[in-house]
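Worksheet for the structure shown next.
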Amino acid sequence: ALALEISILCDAEVALIVFSTKGKLFEYSTDSGTDRILERYERYSYAERELVATDAESQGNWSLEYSKLKAKIEVLQKNQRHFLGEGLDAMSLKELQNLEQQLDVALKQIRSRKNQLMYESISELQRKEKALQEQNNQLGKKLKEKEKALAQQPEWELQSPGQNSPPFLLTKSLPSLNISGAYQATDTSTAVEKAARPQQSRSNTLMPPWML
């Protein structure tokens with residue numbers, strides 16, 4: 001009756017197995033049947049045990065992995081101190097020789113990498129120098145072409161008589177006009193002076209002495 005009430009109240013599948021003190025078996029189950037309920041129970045119990053075992057194994061693996069990583073970190077820190085020249089008192093002769101060999105190998109690699117970078121830098125500078133030289137040559141070529149064009153321009157202007165002949169005629173005619181004008185002006189002033197002198201002398205002779 002209790003199992004029936006539980007199955008109704010909880011809406012669950014219930015299987016009940018009871019052994020009496022005399023060894024009698026009493027069994028009760030809902031509509032699914034005892035065998036089916038027990039099979040389902042074993043399946044879920046097995047899955048739960050596997051999950052618990054997996055978690056325990058995972059925890060053990062993590063602990064082991066942590067121990068390995070911790071030991072590796074300690075070794076790396078110790079080697080770093082040795083490379084810096086610290087903690088050498090506890091090292092044996094063989095360990096010191098191995099450390100020296102490691103440092104030699106590392107130094108060779110460092111020098112090789114440095115030389116490679118220097119070679120690449122020099123190659124890049126040579127490439128830029130070549131590009132600048134080509135650019136300079138092009139600019140020099142253009143400059144020579146412009147100088148050649150400017151040198152040929154006066155010859156071309158001398159070959160066109162329609163434009164250059166009038167200025168030459170004008171410059172030739174102007175001096176003659178200026179010179180002739182100067183001569184005419186000089187002759188005119190001289191004639192005026194000559195004409196004024198007789199009149200002045202004549203007036204001086206005709207005027208009475210008391211008016212002078």
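Each step along the sequence shown adds one to the number in UniProt numbering, with nothing skipped, and position 131 is 131.
Beta carbons: idealized from backbone N, C-alpha and C, even for Gly.
Burial state of residue i, where buried means 16 or more other Cβ atoms lie within 10 Å
{"i": "A15", "result": "buried"}
Spatial distance of residue i from residue j (CA atoms)
{"i": "M91", "j": "L125", "result": "48 angstroms"}
{"i": "L84", "j": "E65", "result": "29 angstroms"}
{"i": "K144", "j": "S121", "result": "35 angstroms"}
{"i": "W62", "j": "L69", "result": "10 angstroms"}
{"i": "Q116", "j": "E129", "result": "20 angstroms"}
{"i": "S45", "j": "G33", "result": "18 angstroms"}
{"i": "S123", "j": "N79", "result": "38 angstroms"}
{"i": "E74", "j": "K114", "result": "31 angstroms"}
{"i": "A149", "j": "R111", "result": "57 angstroms"}
Supposed close pair residue i, residue j - CB separation, criterion 8 angstroms
{"i": "L107", "j": "H82", "result": "Wrong, their Cβ atoms sit about 15 angstroms apart, outside the cutoff."}
{"i": "L88", "j": "L96", "result": "7 angstroms"}
Min CB distance residue i to chain D below 9 angstroms
{"i": "Q80", "result": "This model lacks chain D altogether; it includes just one protein chain."}
Best match in the options for proximity to residue i [C-alpha to C-alpha]
{"i": "E39", "options": "K148, V18, E13, L139", "result": "E13"}
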